[in-house]
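To keep things clear, I will list the structure first and then write my remarks on it.
Residue numbers (the working numbering): 1 to 274.
Structure below.
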């Protein structure tokens with residue numbers, strides 16, 4: 001299966017592909033936020049807009065999930081969609097296998113690259129998980145809806161509170177200086193704005209997952225191949241990388257949106273499972 005995915009990536013490259021930009025919220029507070037403080041992160045932005053900082057730090061050693069939904073024609077359905085998104089995050093939190101693949105090709109003058117992330121988790125339990133979510137707060141925004149939820153689960157290893165890391169300009173400190181959290185692999189993701197709010201948040205979460213994957217003891221395969229085109233002096237060099245790992249406790253702790261709304265950041269943690 002995965003070799004087929006890798007082959008398809010080579011096809012994309014050989015038909016030409018533009019280089020993709022590299023892709024990465026506030027620092028976790030010195031104390032675990034109370035429920036009122038969790039709500040306040042939703043209300044920090046301008047009315048109807050996604051707040052620049054969304055905190056989802058664990059509450060009483062229970063994970064907190066921010067579910068999100070795009071704006072729908074029937075706005076009454078957005079909360080249901082956001083709750084489903086949160087339930088999907090719970091299932092990935094419990095156990096997930098992730099595969100990251102990267103392929104780059106250069107002819108000495110131009111370089112093209114493409115990457116992909118494939119995740120495998122139990123989707124069959126999502127409908128049941130929705131009924132177990134405790135909604136701490138919900139908010140309908142101009143571009144969709146978000147819900148702040150927790151669930152009756154206990155973290156495998158307690159997440160100790162962090163001291164504040166000074167930020168630079170409008171960015172939280174963890175963007176440039178990811179914190180060290182004992183017992184966890186920490187990843188920071190950055191992504192440029194996508195077509196919708198939900199797609200933008202998901203893209204930053206995915207880049208944080210990739211950052212975590214590349215720090216694990218994952219099975220990493222590297223391939224480098226060079227060949228010369230017929231009747232040409234140009235040499236094509238292809239480099240491919242694949243990393244696979246099984247993760248538990250994947251949890252996004254914080255998200256941040258730049259002041260111009262163009263860049264989305266995620267801070268996430270996970271534990272590698274045997």
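Ideal Cβ positions, reconstructed from N, Cα and C, are used throughout, including at glycine.
Fair warning: this is a prediction, and the values are worked out from it, not measured in the lab.
Buried/exposed call for residue 256, threshold 16 Cβ in 10 Å: buried
Going by DSSP, what residue range makes up the beta strand (DSSP E) through residue 105? 96-106
Does DSSP classify residue 91 as helix, strand or coil? helix
By the three-class DSSP mapping on this structure, what secondary structure does residue 53 have? strand
Residue 151 versus residue 84: straight-line alpha-carbon distance, rounded: 13 angstroms
Cβ shell of residue 300 (< 7 angstroms), same chain only, five flanking positions each side left out: Since the first residue shown for the chain is 1 and the last is 274, residue 300 is missing from the structure and cannot be characterised.
Which same chain residues end up closer than 6 angstroms to residue 46 when comparing Cβ atoms and leaving out the 5 residues on each side of it in sequence? Residue confidence for residue 46 is low, a pLDDT of 44 falling below 50, so the modelled location carries little weight and cannot support an answer.
The alpha helix (DSSP H) that contains residue 200, what's its start and end? 197-213
Measure how close the beta-carbons of residue 96 and residue 250 come, nearest whole angstrom, since I'm counting them as under 8 angstroms. 6 angstroms
For residue 182, count neighbouring C-beta atoms within 10 Å of its own C-beta (all shown protein chains included) and say buried if the count is 16 or more, exposed if not. exposed
Assuming residue 91 and residue 148 form a contact by the criterion Cβ under 8 angstroms, report the distance between their Cβ atoms to the nearest whole angstrom. Not quite, the Cβ-Cβ distance comes to about 18 angstroms (not below 8 angstroms), so this is no contact.
Tell me, which residues are paired with residue 120 by DSSP? 97
Who does residue 184 pair with in a DSSP beta bridge? The partner list for residue 184 (beta bridge, DSSP) is empty, contrary to what the question assumes.
Does the separation of the CB atoms of residue 210 and residue 68 fall below 7 angstroms? no
Given a threshold of 16 other Cβ atoms within 10 Å of its Cβ, counted over all protein chains shown, does residue 176 qualify as buried or as exposed? exposed
Mind checking whether the beta-carbon of residue 154 lies closer than 6 angstroms to any heavy atom of the ligand NAP? The model on display carries no ligand, and the ligand NAP is accordingly not part of it.
For residue 57 and residue 253, which I take to be in contact (beta-carbon distance under 8 angstroms), what is that distance rounded to the nearest angstrom? 6 angstroms
Residue burial classification, residue 89 (beta-carbon count within 10 angstroms, cutoff 16): buried
Just mark residue 216 as buried or exposed, buried being the case when its beta carbon has 16 or more other beta carbons within 10 Å. buried
Which residue wins for smallest C-alpha separation from residue 137, given the options 207, 107, 172, 54? 54
Contact check, residue 143 vs residue 195, beta carbons under 7 angstroms: no
Roughly how many angstroms lie between the CA atoms of residue 60 and residue 158, to the nearest whole one? 10 angstroms
Would DSSP call residue 241 helix, strand or coil? strand
For residue 185 and residue 243, I'd like the C-alpha separation in whole angstroms. 15 angstroms
Around the C-beta of residue 107, are 16 or more other C-beta atoms found within 10 angstroms, so that it is buried, or is it exposed? exposed
Comparing C-alpha positions only, which one of 132, 237, 262 sits nearest to residue 86? 132
Rounded to whole angstroms, what's the CA-CA distance from residue 155 to residue 237? Just pull it up for me. 45 angstroms
Alpha carbon to alpha carbon, how far is residue 269 from residue 179? Give it in angstroms, no decimals. 10 angstroms
Check the C-beta distance from residue 272 over to residue 240 and give it rounded, since I have them as a contact under 8 angstroms. About 23 angstroms separates the two Cβ atoms, so there is no contact after all.
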